[in-house]
Amino acid sequence: MRSNFSDRISRLPVNDLTMGRLMQEGAQQKHIFYLNLIDYVAPVFDKILEPEKEQISFAGYLYFRFLLEFDAIVDTVVEQSKIAQAQKLNCIVEIHEAAIRELALLFPTNSSFWLKFNKYKNEYGKAVLTEKHFAKSGQLYSEATFEQLAAGKSAVCYAAIQALVTLNGCTPFDNQLERCLRHIHIAFQYLDDIDDFEADLISGQRTFAHQLVQEYLTEQGVQLADEKLMHKYLYLSNVGATIINKAISHFEEAINSIKEIGLTSLEEYLITQVELAKNFANEIDLLIKKTRIKSAKSSVIMPRLSVSEAADSAFIYLTSVIDSGTWSDFITSAGSGDTWITAYTGRMLAECGVDKQLIQTVLEKLSAKGSFNGSVLQDADSTNFLVGLHWQLTRSIPDQLLDSWLLFRNEKGGWATYQDEDGLRGRLGLTKHTTIAGWLSAHDCVSAAAAYILSDIPSLDNVYESTCRYLTRRLVGGGLHSYWWTSDLYTLSFTALAFAKRTSHLPYVPQLGYRIAQNQHPNGYWVNPIDNQPNAFYTAIALKALIAIDVKLYQNVIQCGINWLLMNQTKDGSWQTSHILRIPATNVLQPETVKRWRKSSFGVNTLVDDHNRVFTTSTVFNILTISKQYPCLSQTIPAFTSSTKITGLFTQPKDVTF
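Residue numbers (numbering that gives the first Met the number 0): 0 to 657.
Set out below in structure tokens:
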């Protein structure tokens with residue numbers, strides 16, 4: 000909130016309830032356009048003193064807040080107590096009085112401004128009443144009517160231009176400015192109808208977006224048993240994308256309206272809105288793609304009675320979902336993870352020595368830089384596995400790739416996900432005021448994966464030792480934790496895999512093994528802590544680590560885990576997945592401080608699933624194939640086994656300290 004507005008509000012003669020509502024920081028951020036509106040158009044009005052512009056801006060903001068509160072009363076369908084109603088009405092009256100007092104300081108009763116103001120108020124009132132008539136009668140909107148009402152409901156905002164015109168004396172641009180504002184508010188209304196689609200549906204407020212979705216359902220002959228499913232059809236029907244494109248068109252019309260006026264700040268704001276709307280449209284496309292991919296996956300569990308049968312089915316699945324030499328998984332706001340997933344999957348398969356020609360082809364088609372996909376910056380985790388795939392197949396690493404990889408390591412041996420701060424800010428559209436320390440800091444999970452790859456490369460022994468010392472300090476100092484993953488098991492397992500390869504860090508391996516094994520469920524699986532449900536990826540990565548640590552010591556634990564995997568493979572050869580990847584906000588250093596994680600592919604503080612099942616299935620394939628090398632592990636399970644109880648390790652290994 001603008002600091003001078005806060006000061007002004009604090010001096011208003013209103014009660015505490017009204018003061019609290021006006022001071023809400025969240026409301027200011029949501030309606031930042033109205034806080035800055037006068038500043039956006041002020042360059043055109045060069046005869047107005049700054050204090051007068053500030054006065055109009057404050058008065059306009061107060062009137063805007065009055066209309067928001069008024070609309071909330073008009074729209075509500077929930078019965079309230081008389082006291083609550085009286086409190087809200089009193090709040091509305093106080094805000095309205097405050098706005099009018101501010102305007103009266105600038106415009107005497109006989110000012111021409113009040114006639115213009117009244118005209119816009121009438122347009123607003125007519126639009127609100129017409130909208131309510133449509134909602135109550137069930138009468139259908141035309142697109143032209145919808146846009147006329149959207150512009151009309153924001154008509155009072157246009158009075159701000161007339162206030163400036165009145166004080167300035169004249170301006171040749173008032174019609175262009177009003178046209179610009181009308182287009183902006185039509186765009187806002189289109190986007191609001193999408194944002195509030197479900198809430199409006201629940202509250203009984205029928206909108207143009209609801210109408211378009213219902214028309215689509217009628218044309219398709221679809222009858223919904225649950226109206227809430229309409230929200231899904233908003234996107235599946237392509238109505239959501241159509242509405243967003245209409246919003247974009249109106250933002251672009253608004254830009255064209257002021258092209259020759261020179262309102263740089265307003266034009267930059269509108270360009271940003273166009274980009275945000277385009278990103279939103281892209282996310283809808285990705286969401287539809289993800290939904291269709293997930294719907295095609297098998298949900299039928301078909302147990303396999305041997306490791307070979309399960310591994311063969313998994314390999315067939317993985318080859319069936321490769322697209323032009325690329326695997327993809329984990330859709331986020333950055334798009335679909337393909338470079339990262341292809342490098343990871345390629346490494347998992349290459350370790351097993353299967354179809355070397357396929358893996359070589361995959362490597363040749365991979366990007367030269369390690370990144371989530373081709374549209375984003377290089378990151379350490381993707382580069383870890385790209386380097387690992389190169390080394391596994393060719394026993395060499397391209398010089399440029401190696402040099403760029405080592406840049407992610409800090410002086411203490413830890414590895415950060417990103418190291419190009421300016422590039423990251425530019426890609427995310429973040430200013431210097433927003434911290435991105437969380438994404439630039441070293442994290443255990445990234446460092447553990449790097450150590451795992453380094454453990455294979457003798458020429459980088461010094462880097463390996465430095466990274467392992469970092470992980471050891473973290474292990475002893477408070478434990479190893481995951482930043483990008485929902486379970487610390489990811490970090491513990493990759494650290495164990497790295498430590499088990501060399502003698503220098505073997506003393507810490509029993510501790511890691513015990514911590515991994517003790518979290519196994521009696522039925523053989525490891526859970527995803529986010530939902531406490533069995534998870535095939537965490538089960539597979541834990542088994543991979545335990546085999547590397549001591550296959551004989553953990554034989555019963557490993558066997559039970561393998562049996563669970565065999566019993567829970569789906570008909571198409573994959574394993575069901577869940578939300579295992581988490582995307583903290585850029586300022587988050589400790590994920591445990593986040594109070595609420597959303598299950599969503601988009602935004603931050605979100606949890607993302609590997610919807611294509613490639614990440615999980617390739618990890619399971621890897622562990623099943625590797626397990627065949629050990630005679631002590633049974634390669635078959637009895638038919639009709641429903642579950643196997645663990646009878647293995649439940650006591651702390653000798654000489655392990657914590």
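Where a beta carbon is used, it is the ideal one built from N, C-alpha and C, also for glycine. Values in this document were obtained by computation on a predicted structure and should not be read as measured data.
Does any residue of chain B have a CB that is nearer than 9 Å to the CB of leucine 606?
This model lacks chain B altogether; it includes just one protein chain.
Contact between the region 541-549 and the region 576-591 is defined here as three or more beta-carbon pairs at a separation below 8 Å; is this criterion met?
no
Among Glu96, His504, Tyr463 and Ala342, which has the Cα closest to the Cα of valine 475?
His504
Helix, strand or coil for lysine 598? Go by DSSP, reduced to three states.
strand
Alpha carbon to alpha carbon, what distance is there between isoleucine 515 and phenylalanine 493?
11 Å
Three-state secondary structure (DSSP) of alanine 638:
A caution first: alanine 638 carries a pLDDT of 48, below 50, which makes its placement in the model unreliable, though a value can still be read off. Three-state result, alanine 638: coil.
Counterpart residues of leucine 580 in DSSP-defined beta bridges
Trp484 and Val607
Would you list the residues sitting across from glutamine 532 in a DSSP beta bridge?
Asn527
Helix or strand or just coil, what does DSSP make of threonine 430?
coil
From which residue to which residue does the alpha helix (DSSP H) around phenylalanine 187 run?
173-194
Alpha-carbon to alpha-carbon, glutamate 266 and lysine 258
8 Å
On the premise that alanine 535 lies in contact with valine 619, defined as a C-beta separation below 8 Å, what is that separation, rounded to the nearest angstrom?
6 Å
Would you say isoleucine 242 and isoleucine 315 are within 9 Å of each other, going by their C-beta atoms?
no
Under 9 Å, do aspartate 45 and serine 56 count as touching if we go by C-beta distance?
no
Leaving out five residues before and five after valine 212 in sequence, what residues of the same chain have Cβ atoms less than 7 Å from its Cβ?
Met229, Tyr232, Leu233, Ser236 and Val238
Span of the beta strand (DSSP E) holding glycine 334?
334-336
Close Cβ partners of serine 440 (< 7 Å) along its chain, the five nearest in sequence each way excluded:
Ala415 and Leu588
Inter-residue spacing [alpha-carbon to alpha-carbon] between tyrosine 463 and aspartate 311:
34 Å
Out of curiosity, what's the CA-to-CA distance linking lysine 52 and leucine 163?
8 Å
Okay, do the region 124-132 and the region 177-186 touch, 3+ Cβ pairs below 8 Å being the bar?
no
Cβ shell of tryptophan 326 (< 6 Å), same chain only, five flanking positions each side left out
Ile340, Thr341, Thr344 and Val613
Beta strand (DSSP E) runs contained entirely in the region 24-70, provided each spans 3 or more residues
none
Return helix, strand or coil for isoleucine 330, following the three-state DSSP convention.
strand
Bridge partners for tryptophan 670 per DSSP, in chain order?
For the chain, the structure presents residues 0 to 657; residue 670 sits outside this window and is missing.
Taking leucine 331 as the reference, which of Lys289, Leu357 and Arg303 has the closest Cα?
Reading off the sequence shown, one finds threonine at residue 331, where the question assumed leucine. When each option's Cα is compared against that of threonine 331, the closest is Lys289.
Please state whether the Cβ-Cβ distance between leucine 423 and isoleucine 529 is less than 9 Å.
no
If we ignore side chains and look at the alpha-carbon of each, how far apart do isoleucine 557 and serine 248 end up?
59 Å
Classify phenylalanine 657 as buried or exposed, calling it buried when 16 or more other Cβ atoms lie within 10 Å of its own Cβ.
Confidence is the limiting factor: at phenylalanine 657 the pLDDT is only 34, short of 50, which leaves the residue's position unreliable, though a coordinate-based value still follows. Label assigned to phenylalanine 657: exposed.
Just to confirm my understanding: we take arginine 64, look at its own chain, exclude 5 residues before and 5 after, and list those with CB closer than 7 Å. What are they?
Leu21 and Ile94
List the DSSP bridge partners of aspartate 322.
Thr325
Which term fits valine 593, buried or exposed, when burial requires 16 or more other beta carbons within 10 angstroms of its beta carbon?
exposed
Would you kindly check if the distance between the Cβ of alanine 349 and the Cβ of leucine 388 is under 9 Å?
yes
With a floor of 3 residues, list each beta strand (DSSP E) that falls wholly inside the region 189-228, ordered by position along the chain.
none
Select from Tyr513, Tyr482, Leu565 and Gln554 the residue whose C-alpha is nearest the C-alpha of arginine 581.
Tyr482
Name, in chain order, the residues that DSSP records as bridge partners for threonine 569.
Ile300
Which residues does DSSP pair with serine 305 in a beta bridge?
Thr635
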